[in-house]
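This report refers to the structure that appears directly beneath it.
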DNA sequence: CCAAAGGATTGGTCTTGACCAAGAGGGGGG
DNA sequence: CCCCCCTCTTGGTCAAGACCAATCCTTTGG
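Protein chains in written order, with the working numbering: chain A, 1 to 247; chain B, 1001 to 1247.
Dropping the structure here:
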């Protein structure tokens, strides 16, 4: 009766709260500033802490907030523009933006990767792990799967694992003449080991970039790169002009 | 004392639960099959419903599950491989995979887009909305922002809004000789209007692809494409061989 | 025979309250 | 003066229960 007809589709509280907080972040807070703690915020907005947390989780997913246990919730800086193209294997690595460490073992690749390898799912592969740093922060961790057949020059040699062997595999790969690649991006949640590398909790949202490199007609390597979705915007190369035609 | 030393870092219940469910999905369920309802699952595993839901949300984020209110939770099919490159504007649209409808208005672009336009943030732009369908399902919705200056041929003409005008803008754009593009992918959460187009709830995780098209040295158009993160794997072109050099 | 009404089912939202674990910071002992 | 330990703060996890909203399906009435 007296109520205006605004509530045709009632908005969830956490959704409205997210909007309010988002506006407040734009107008009343600066990057790095710390917000009041969750209990106080919940009280201030007159909602349960669980509801408030639902709003905060949304904002964290969008990269607006950063939360750390024992510390507090801070306003996140804009996402890094992280260049991922045309293929990390060919990327020299600019200063303040480079791949670090490259451990290597003989772990079997996951089924989804094994299916891409030309040598069959049981062929031996090198598994090289490396981590990408930007502005002093880890933004990605990658598993590179290289069939032994792709780098025959070092098979059997350098039997020790670790970063020395990993770098050797990468060196051999760079000698190959890569003919092309296939690439896919999808959303995932960080496994426990990836989360540790990325300084996040298990299950944190990540962008998974799967790159398949071709050489001499076969799959020379498969890279599965896991980027922090909260801090990264993936960009694709510095736009060498591409031929586009009219429809 | 008597406890074995397994619990160095106790695993959250929802995380363990997610693993158990994930394994069960692989071995005991088929795509499309419906799971027991949340209350029963929670009882079966001896956890609170909130905890069970936390595990289900993770699995949904990973595209393993699909949940619909009033219906139930079903096992999701593998993600679609959706081709997004080298640029939707140049994509003819295969059968069963096409852009539909193209409504057009004069809405002002968001600040992040306005900043990319060469004509300044206040220049008039066409805002074309279209939706991409795959296998009968909506997988993406896009807002295309085209400065009036980019399509002078139709300024003032076809003053009516709607899909006719939208298609006219697209037609004019195809006549341009595009010189290149910049592209970025990031994680976002669906706004209310996007969620409606994608048949999802507001806040659903989406992959936002921002493409900037260049023509004659200026930004001819900016496309913001919003893909359902639960059902899509973004792929980039059918791999025209790329020149890669050795390090 | 079809359409409207109504109830049962299911996931979505919200509350209250409790405890746990990671950091930060202060105070005391070496 | 430095380092260790304790405590406090903060976000993370978990429980139990209530109600809401979308959907499906049966029943009822035309």
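Every residue, glycine too, gets a C-beta built ideally from N, C-alpha and C.
For residue 189 of chain A, the uninterrupted beta strand (DSSP E) segment begins and ends at 180 to 189. With three or more CB-CB distances shorter than 8 Å, the stretch 1126 to 1136 of chain B counts as touching the stretch 1097 to 1109 of chain B.
Pairing residue 1204 of chain B with residue 1190 of chain B gives a Cβ-Cβ distance under 7 Å. Within chain B, the C-beta atoms nearer than 8 Å to that of residue 189 of chain A come from 1058, 1061, 1062, in chain order. In the three-state reduction of the DSSP assignment, residue 1175 of chain B falls in the helix class, which pools H, G and I. Nearest CB-CB separation between residue 75 of chain A and chain B: not below the 7 Å threshold. A check of alpha carbon separations from residue 111 of chain A across A/222, A/230, A/229 identifies A/222 as the nearest. For the stretch 185 to 210 of chain A, residues whose beta-carbon sits nearer than 7 Å to a beta-carbon of chain B comprise 185, 186, 187, 188, 189, 202, 203, 205, 207. Annotation: Cβ neighbours of residue 234 of chain A in chain B (cutoff 8 Å, chain order): 1184, 1185, 1186. Counting only Cβ-Cβ distances below 8 Å, residue 68 of chain A has no contacts in chain B at all, with the closest Cβ about 17 Å away. Beta-bridge partners of residue 1235 of chain B (DSSP): A/184, B/1083. Counting along the chain, the unbroken beta strand (DSSP E) around residue 212 of chain A starts and ends at 205 to 215. Leaving aside the five residues that flank residue 1183 of chain B on each side, the residues in its chain whose CB is nearer than 6 Å to its CB run, in chain order, 1211. When secondary structure is reduced to three states using DSSP, residue 117 of chain A falls in the coil class, being assigned neither helix nor strand.
Of the other Cβ atoms in all chains shown, fewer than 16 fall within 10 Å of the Cβ of residue 70 of chain A; this residue is therefore exposed. Residue 1127 of chain B: not part of any alpha helix (DSSP H); member of the beta strand (DSSP E) spanning 1125 to 1134, first to last residue. Under DSSP, residue 1014 of chain B takes part in no beta bridge, so it has no partner. In this structure residue 14 of chain A is in contact with residue 54 of chain A, their Cβ atoms being roughly 4 Å apart against a cut-off of 8 Å. Residue contact with chain A for residue 1042 of chain B: absent (no Cβ-Cβ distance below 7 Å to any residue of chain A).
Selection B/1010, B/1230, B/1106 evaluated against residue 1147 of chain B yields B/1106 as nearest (Cα-Cα).
Judged by beta-carbon spacing, residue 104 of chain A lies beyond the 7 Å limit of residue 20 of chain A, meaning their Cβ atoms are not closer than that value.
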